Amino acid sequence: MSIPLAGRLLSGEPHTTRVLVPSTFAYALMKLMAFRDRVDDADKNLGRYHAVDIYRIVGMATEAEIEVARALSRDYARDPALGEARAVVERYFRPETGLGRTRIREYGPEARRLDLDRFVTDLLYVLGVG
745 MSIPLAGRLL
755 SGEPHTTRVL
765 VPSTFAYALM
775 KLMAFRDRVD
785 DADKNLGRYH
795 AVDIYRIVGM
805 ATEAEIEVAR
815 ALSRDYARDP
825 ALGEARAVVE
835 RYFRPETGLG
845 RTRIREYGPE
855 ARRLDLDRFV
865 TDLLYVLGVG
């Protein structure tokens with residue numbers, strides 16, 4: 745999907761462009777891999793931002809976007825990247841004490857009230873599980 749933008753550059757000159765927005769499926773996979781790569785990296789905030797981004801991706805997805813993601817999950821069912829993304833969810837987000845859930849809770853006081861069980865169920869659904 746792309747979104748048109750129009751405005752002015754710093755020079756004052758008018759400018760138009762299009763911003764490409766990744767699909768729910770692609771964005772979730774990208775953020776899951778980024779979380780996996782940063783979960784223990786103190787210089788990168790231990791992956792907190794990635795964990796919260798994953799929560800937002802799932803929470804803000806429309807029903808239509810989720811169905812597209814499910815179709816892509818079926819199309820790429822044998823792809824190692826999808827298998828790895830599912831493994832990241834199973835290791836870090838599904839367990840109540842998993843580091844994915846922990847990083848989300850550490851993000852701020854409001855994060856402690858989130859329904860993380862529902863989030864994990866929905867995330868796995870987006871990835872073609874369930």
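Just add 744 to wherever you are in the sequence shown, counting from 1, and you've got my numbering.
Glycine included, C-beta positions come from ideal geometry on N, C-alpha and C.
Please read all numbers here as calculations on a predicted model, not as lab measurements.
Just so you know, the alpha carbons of Arg782 and Thr760 end up roughly 35 Å apart. Partner residues in the beta bridge of Val763, as assigned by DSSP, are Ile747. With a contact defined as Cβ atoms closer than 8 Å, Asp784 and Leu790 qualify at about 7 Å. Within its own chain, the residues whose Cβ lies closer than 6 Å to the Cβ of Glu809, once the five positions on either side in sequence are excluded, are Thr768, listed in chain order.
C-alpha of Val763 to C-alpha of Leu749: approximately 7 Å in a straight line.
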